[in-house]
Every structure is written in C-alpha cells, then in structure tokens.
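To convert, take the position in the sequence shown, counting from 1, and add 44; that gives our numbering. For glycine and all other residues, C-beta sits at the position ideal for the given N, C-alpha and C. Structure first, then comments.
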Amino acid sequence: MDRAETAPPQTGGREREQRQSAAEVSSYRRREPEKSLLHKKVREHLKTFLAELEQDGSGLPRFVVAEFERYLRCGILANGFVRARCTACGDELLILI
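Shown next, in the form of structure tokens:
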C-alpha cells in the first residue's frame with residue numbers, strides 16, 4: 045500500500061485559521077491615536093509650524109500639509125464611522141470612514 049493511501053486525511057487547517065481570525069477580531073481594541081504623543085504634538089504645533097514656514101517663504105508642498113491634516117483626522121470616531129453587526133453571532137465592530 046502506498047503511503048499517500050494510508051495517511052489520514054488532513055483536516056482542521058482551515059478551521060483553525062478561521063478560529064484564530066475570529067479570536068483576533070473579537071479581541072480588537074481601538075488604537076486611540078489621539079492619545080499618542082506624536083498625535084498630540086502634531087495637533088498642538090502644526091498651525092504654528094506651517095505659519096512659520098509660510099512666513100519665511102519656504103512653506104511645505106500642499107500634499108505634505110494634506111497628509112498632516114489626514115493624519116490628525118485618521119482614527120478619530122468623531123470624524124465618522126459605521127457600525128457593523130454580525131448577523132450570526134451579534135458581535136459589533138466600529139469601522140472608521
């Protein structure tokens with residue numbers, strides 16, 4: 045008899061991945077970027093920084109300023125979110141938009 049014929053079928057791999065994925069989702073915690081030191085410093089000093097650069101004539105490219113502004117909005121629930129609910133288990137997840 046060939047080894048492939050006698051080996052038990054491999055099962056559980058995909059199921060194990062699904063269980064791990066479910067565990068990861070259920071233990072998700074929002075990052076709260078507004079509490080980070082970097083976010084705080086950018087939030088506190090961006091306007092002054094940009095004004096000083098503009099005053100001395102150097103400025104920043106518009107896309108860089110736009111990235112700073114997006115960074116300050118990113119992850120903040122007040123800027124919009126959608127609540128998703130699993131119909132199978134009832135778990136809810138907030139998805140930032």
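Item	Value
N- and C-terminal bounds of the beta strand (DSSP E) containing Glu136	136–140
Neighbourhood of His83 by C-beta, 6 Å cutoff - its chain only, sequence neighbours within 5 removed	Pro77
Distance CB(Arg104)-CB(Leu94) smaller than 8 Å	According to the sequence displayed, residue 104 carries Leu and not Arg. Yes.
Straight-line gap, Arg129 to Arg75 (C-alpha atoms, nearest Å)	20 Å
Same chain, Cβ closer than 8 Å to Glu136, five either side skipped, listed in chain order	Arg127, Ala128, Arg129, Cys130
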